[in-house]
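Encoded as structure tokens, the structure appears first; notes follow it.
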Amino acid sequence: MKKKSFTIHTIHGYISTIFLAEYPDKILLLDGGTISDTQRIKKFCETKLHRPVTEIRLCVATHIHPDHAGGAIEMRKLFGIPIAAHPLIDQWYRGISGFIQHKIDCALAHYVRAADRISFQRILSSRHVGAFHILQDGDRLPGFDDWQVFHVPGHTLHDLVLYNRSARLLYAGDCLINKNGKINLPIPVFFHGTMRHSYEKLVSLDIETILPAHGDAITGGNIPEIFNRLIEMLGEPKNDMSRMAHSVSIFAPPVWKAYIRKLKQGKES
Numbered sequence: 148m149k150k151k152s153f154t155i156h157t158i159h160g161y162i163s164t165i166f167l168a169e170y171p172d173k174i175l176l177l178d179g180g181t182i183s184d185t186q187r188i189k190k191f192c193e194t195k196l197h198r199p200v201t202e203i204r205l206c207v208a209t210h211i212h213p214d215h216a217g218g219a220i221e222m223r224k225l226f227g228i229p230i231a232a233h234p235l236i237d238q239w240y241r242g243i244s245g246f247i248q249h250k251i252d253c254a255l256a257h258y259v260r261a262a263d264r265i266s267f268q269r270i271l272s273s274r275h276v277g278a279f280h281i282l283q284d285g286d287r288l289p290g291f292d293d294w295q296v297f298h299v300p301g302h303t304l305h306d307l308v309l310y311n312r313s314a315r316l317l318y319a320g321d322c323l324i325n326k327n328g329k330i331n332l333p334i335p336v337f338f339h340g341t342m343r344h345s346y347e348k349l350v351s352l353d354i355e356t357i358l359p360a361h362g363d364a365i366t367g368g369n370i371p372e373i374f375n376r377l378i379e380m381l382g383e384p385k386n387d388m389s390r391m392a393h394s395v396s397i398f399a400p401p402v403w404k405a406y407i408r409k410l411k412q413g414k415e416s
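Add 147 to the 1-based position in the sequence shown for our numbering, that's all there is to it.
Structure representation (structure tokens):
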């Protein structure tokens, strides 16, 4: 097996955990956090890695939520770092209803931080990513071909995870949450069928370590069983937080359009 050629570094962002894969000649940013995390990333590169932030050659936006894509957009604006994302990413906040959903999602992020007694930081950013590199299921990351992309819809319809086979490492984004040692589904999950298929896809991968954007890293143990348990959880009742998030997350065009299609199919049957 090829020896791992990079080092993973962790930055605790405003909402999510941010990961950098440092190579001898370049750096890969696995999601950009929020817009307020941009200076954290810059400072980390300069003071901890002793490298300019411009050595980040690519930032992957696994999905458009402001705690993942907001920082990516700002990193491009300030430092010219290209963004890679799924082709459907800019459909999520499109139009008037998407505008409303974007503002709600920013407010929800602040609500989560307030519950943890963390002071407000800037999170509102553009709702349009405009990725330079378009990523499809099975693609290799441009400039980082040891990383493979997998499309894992369910939380949104454009979520991605990043897999490094040589390192047996999966960056899971929001595909799962590991809070206080407890594995949970992302919040919300609107597309249960597609989420199930996404987890079934990940079961077959040879993974030793999972890096979630929310919660602690998962190392060793029965990794396939984690995804099988998440599949089971899709059929269980929602908790209060999940119900609340679902009730205010129906304005994204892919969500309400899916509801309309379901209603039409019900009437036709």
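Don't be surprised by glycine CBs; every beta carbon is placed ideally from N, CA and C.
In this text the structure is predicted, and so the values were computed from the model without any measurement.
Query raised in the report: Below 8 Å, can you find three or more Cβ-Cβ pairs linking the stretch 239-246 to the stretch 342-350?
Result: no
**Report entry** Distance, S313 Cα to M148 Cα
**Finding:** Because M148 sits at a pLDDT of 34, beneath the cut-off of 50, its placement in the model cannot be relied upon, and the following sentence gives the value as read from the coordinates. Roughly 6 Å between the two C-alpha positions.
Query - Start-to-end residues for the alpha helix (DSSP H) that takes in R241 - result: Secondary structure note for R241: it is in no alpha helix (DSSP H), with a DSSP letter that is neither H nor E.
Query raised in the report: Applying the criterion that 16 or more other CB atoms from any shown protein chain within 10 Å of the CB defines a buried residue, is D387 buried or exposed?
Result: Its Cβ having fewer than 16 others within 10 Å, D387 is exposed.
Query raised in the report: Since I421 and T303 are thought to touch, with beta carbons under 8 Å apart, how far apart are those beta carbons, to the nearest angstrom?
Result: Examination of residue 421 is not possible in this model, given that the chain is present from 148 through 416 alone.
Requested in this report: Could you tell me which residues DSSP pairs with N311 in its beta bridges?
Outcome: W294 and L316
Report task. Using only alpha-carbon positions, find the residue among R204, H339 and G328 that is nearest to D292. Result -> R204
Query raised in the report: With burial defined as no fewer than 16 other Cβ atoms inside 10 Å of the residue's Cβ, what is the status of G382: buried or exposed?
Result: exposed
Query raised in the report: Looking at the structure shown, is N375 part of a helix, part of a strand, or coil, going by DSSP?
Result: helix
Query raised in the report: Is S272 buried or exposed, if buried means 16 or more other CB atoms sit within 10 Å of its CB?
Result: With 16 or more Cβ atoms within 10 Å of its Cβ, S272 is classed as buried.
Report task. Report yes or no: do the stretch 148-167 and the stretch 358-376 share at least 3 C-beta pairs separated by less than 8 Å? Result -> yes
Query - Closest Cα partner of L255 within the set E379, K409 and D214 - result: D214
Report task. Measure the CB-CB distance between D252 and S394 and report whether it falls below 9 Å. Result -> no
Query - For M391 and D172, the rounded distance between their alpha carbons - result: 45 Å
Query raised in the report: Thinking just about the alpha-carbon of each residue, which of R269, H280, V308 and E379 is nearest to the one in I109?
Result: What is shown of the chain runs 148 to 416, which leaves residue 109 out entirely.
Query raised in the report: Going straight from the alpha carbon of I228 to that of I188, what length do you get?
Result: Separation of I228 and I188 (C-alpha to C-alpha, rounded to the nearest whole angstrom) is 12 Å.
Query raised in the report: Could you give the distance in angstroms between the alpha-carbon of R408 and the alpha-carbon of T181?
Result: As the crow flies, the alpha-carbon of R408 is around 33 Å from that of T181.
Report task. Can you tell me which of the three DSSP states K149 falls into? Result -> In this prediction, K149 has a pLDDT of 44, which is less than 50 and means its spatial position is unreliable; what the coordinates show is noted afterwards. In the structure shown, K149 falls within a coil segment according to DSSP collapsed to helix, strand and coil.
Query raised in the report: Does DSSP put K195 in a helix, a strand or coil?
Result: coil
Query raised in the report: Around the Cβ of D321, are there at least 16 other Cβ atoms within 10 angstroms (buried) or fewer (exposed)?
Result: buried
Query raised in the report: Does DSSP put I334 in a helix, a strand or coil?
Result: I334 falls in the coil class under three-state DSSP.
Report task. Name the residue from R343, Y170, L235 and I324 whose alpha carbon lies nearest to the alpha carbon of I334. Result -> The alpha carbon of I334 has as its nearest neighbour, out of R343, Y170, L235 and I324, the alpha carbon of I324.
Query raised in the report: So, helix, strand or coil for L381, using DSSP?
Result: Of the three classes helix, strand and coil, the one that applies to L381 here is coil, per DSSP.
Requested in this report: State buried or exposed for L288, treating a residue as buried only when at least 16 other CB atoms are found within 10 Å of its CB.
Outcome: buried
Requested in this report: Could you please give the first and the last residue of the uninterrupted alpha helix (DSSP H) stretch that includes K348?
Outcome: Its alpha helix (DSSP H) spans residues H339 to V350.
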